[in-house]
Every structure is written in C-alpha cells, then in structure tokens.
Amino acid sequence: MSRSTDWIPALWRDTFEELLYDDNELDYGDQWSLSFNYRQTDTITREEKRRGWKVYCHCAYGHFKCGSCHKTWPSARVVVLFRYRLRSEPGQGRGTVIIRPFGQACRRCQDDEFDLPGFTKKEVQHALLRLFGKIRKNCYGEDDDDDDNDGSSACSTKVWTKPHEKALCEACRMGICCQDE
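Under the numbering used here, the first residue of the sequence shown is numbered 98, with each subsequent residue one higher.
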C-alpha cells in the first residue's frame, strides 16, 4: 500500500482512532469522532465560528489515478481540509473532525472530473498529528510546537513532482490551494 492511488476513508478513520486512543494524542477525556464531507469549504460563517468551528488546511503528498484512462500521477500539493470543534467543557465534551480531500483532474483526459487522492499510512499519520497539534492549541490552550512550519508535508525525503497545474487542481479552483506555501 506504499503508493496507493485509492481514496480510503477507513485508513483515515483507523489511523485517527489509533492515534487518539492507542497513542493518547488528545488525552483530555473527551470523545472525538471523525467524518467526511466532500462539499465543505474553508469558509466558516459567523454562526459556525460562534459554535466553535475551526478550519485547518493541510498540504500533503499523495497519488492519483484517473477514473477514465487509469493514468497515475504523484502530487506534493494535495489539499486536505479539516474542520473541527469541541463542544461542552474540556474533559466531558464531544469533539468532531470533518475531513475533505481535494482532487485533481487528469491532464490527459481534461474532462473536469476530479479524482480523489490516495495516501500512505505514514502521510495520513503526519496529517493527523499536525491536526491534533492544532486541536491541542485551539481547543485546549496548549502551545503549538509546529507553528513555525508551513503546514505542508514533511516526508523524510524530497519528492520531485512536476510543476503544480492550477487548472487541474480542485482546491486551486476554490481558491484554497497550498501551492504558494
């Protein structure tokens, strides 16, 4: 599964639960849940802000496979949008995380169909650990050690991919791509 091109929600859900419950990444006594919303944006309304919603946009390394011609390609600029909040008082609350991966269109097909990315488990862990750092800071008042970083993927080896093509990037079209980071 080291180069999966399939979007696997179970990989995200299982890794989230491993980090949360086995590794105690958010050890505050609150219950956290993870879900997916493939239409959410990075915009938070005044009402959502009042209810405690926050947004974290993560730039990750992933692989794509065209649903039409089956061409595959890597990208170091895959946007994963997290929306999260903690309801009630810490220690007896319920936390919610909603994930949206952004797709890319195939250069060969040029059909405006956005294929969802596939990720390695290591990349999913990295993205979720960054998210947990934001949650600890914004929901529990801890310092965020990663504030100096740009939020992008920190794979141990530099991965060279072709230049980012804004016309083929769903996040670019919505104005939230991490391409400039």
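Backbone N, C-alpha and C define an ideal beta-carbon position, used for all residues, glycine too.
Predicted model only: the values in this text are computed from it and were never measured.
With 16 other CB atoms within 10 Å as the buried threshold, where does residue i fall?
i, result
"His-167", "exposed"
"Asp-240", "exposed"
"Ser-130", "exposed"
"Glu-267", "buried"
"Gly-215", "buried"
"Asp-127", "buried"
"Arg-184", "exposed"
"Ser-165", "exposed"
"Glu-114", "exposed"
"Thr-112", "buried"
For a test of the three-state rule: what should DSSP assign to residue i, helix, strand or coil?
i, result
"Arg-143", "helix"
"His-167", "coil"
"Arg-123", "Here residue 123 turns out to be Leu, not Arg, going by the sequence shown. The answer is coil: DSSP assigns Leu-123 none of H, G, I, E or B."
"Cys-154", "strand"
"Asp-266", "The sequence shown places Cys at residue 266, not Asp. Residue state, collapsed to three classes: strand."
"Leu-213", "coil"
"Tyr-118", "helix"
"Ala-199", "According to the sequence provided, residue 199 is Phe. The question's Ala does not apply to it. Coil, per DSSP."
"Arg-136", "coil"
"Gly-149", "coil"
To the nearest angstrom, how far is the alpha carbon of residue i from that of residue j?
i, j, result
"Arg-204", "Arg-148", "41 Å"
"Val-194", "Pro-260", "31 Å"
"Ile-105", "Cys-269", "23 Å"
"Glu-220", "Gly-159", "8 Å"
"Cys-275", "Cys-154", "8 Å"
"Cys-252", "Ala-224", "Confidence at Cys-252 is low in this model, with a pLDDT of 38, below 50, so its placement is unreliable and the value that follows should be read with caution. Cα to Cα, the separation comes out at about 11 Å."
"Glu-210", "Pro-198", "14 Å"
"Ile-273", "Val-152", "12 Å"
Out of the options, state which residue places its alpha-carbon closest to the alpha-carbon of residue i.
i, options, result
"Arg-110", "Arg-174, Ser-132 and Trp-104", "Ser-132"
"Leu-265", "Tyr-181, Gly-200 and Thr-112", "Gly-200"
"Phe-179", "Thr-102, Gln-189, Gln-137 and Gly-215", "Gln-137"
"Leu-213", "Asp-127, Gly-192, Ile-232 and Thr-169", "Thr-169"
"Gln-222", "Asp-103, Ser-101, Thr-102 and Leu-108", "Leu-108"
"Tyr-135", "Gly-238, Gly-190 and Val-177", "Val-177"
"Thr-102", "Ala-157, Pro-171 and Glu-122", "Pro-171"
"Leu-123", "Glu-262, Lys-263 and Leu-228", "Leu-228"
Got a sec, what are the start and stop residues for the beta strand (DSSP E) residue i sits in?
i, result
"Trp-109", "From DSSP, Trp-109 is part of no beta strand (DSSP E) but of the alpha helix (DSSP H) over 106 to 114."
"Tyr-237", "Segment 218 to 237 is the alpha helix (DSSP H) holding Tyr-237; no beta strand (DSSP E) there."
Quick one: is the Cβ of residue i within less than 6 Å of any heavy atom of the ligand HEM?
i, result
"Lys-162", "The model on display carries no ligand, and the ligand HEM is accordingly not part of it."
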